[in-house]
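These notes are about the structure you will find just below.
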Amino acid sequence: MTKYPMTVQGAKALEEEHAHLTKVIRPKLSQDIGTARELGDLKENAEYHAAREQQGMVEARIRDIEGRMQNAVVIDVTTIPHTGKVIFGTTVEIANVETDESVTYQIVGEDEADIKLGKISVGSPIARALIAKEEGDVVTVKTPSGVIEYEIVEVRHI
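The numbers in this note's numbering rise by one with no breaks, and the one at position 46 of the sequence shown is 46.
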């Protein structure tokens, strides 16, 4: 059985999505199906078929969320002593050794990853290179555009 590492914020977001789908979206879809059913012939009723298709997608997402929540390993990085090492959940500021350009990432579970928000999956090449390293270490990351070296500037437990 696969375990999914997840931050506290990620677990909360999944719980909120689950609640929204089960308490708001599911009842609305049931109502939409009932309304479409009253329109007559189900074979040629586009509203009915669209609502049923939407219901199937919502139910699949609900099952997916429930499975992930059952197999989640929620890690609260704020309860772990700060050692300067990069671990799951930490926020890491890294600087490109050549350009001195810095960027900050939080290492999160795959469901939480969003590069626009500075959250990278623990399975990403950058995160894999950073895990278990310490502030001041230089890491090498293989990217599609070549090999890039980064220095770990700061590790924060937020």
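Cβ coordinates follow ideal geometry from the N, Cα and C atoms, glycine included.
- For the stretch 70–106, the continuous beta strand (DSSP E) assignments of 3+ residues that do not extend past its boundaries occur at 72–75 and 91–96, in sequence order.
- By the neighbour-count criterion, in which 16 or more other beta carbons inside 10 Å mark a residue as buried, P5 falls on the buried side.
- Per DSSP, the continuous alpha helix (DSSP H) segment holding I126 begins and ends at P125 to L130.
- Assigned with DSSP and collapsed to three states, S30 falls in helix.
- The beta carbon of P81 lies closer than 8 angstroms to none in the same chain, with the five residues before and after it left out.
- Counting every other CB atom within 10 Å of its CB across the protein chains shown gives G67 a total below 16, marking it as exposed.
- G40 sits in coil when the DSSP states are folded into three classes, being neither helix nor strand.
- Take the alpha-carbon of E59 and the one of G89: they are about 30 angstroms apart.
- When secondary structure is reduced to three states using DSSP, T22 falls in the helix class.
- Distance from the CA of R63 to the CA of V74, rounded to the nearest whole angstrom, comes to 19 angstroms.
- In the pairwise beta carbon analysis, the stretch 123–137 is classified as touching the stretch 99–109: at least three pairs are separated by under 8 angstroms.
- DSSP places I115 in the helix class (H, G or I) of the three-state scheme.
- Under the three-pair Cβ rule at 8 angstroms, the stretch 43–58 counts as touching the stretch 15–34.
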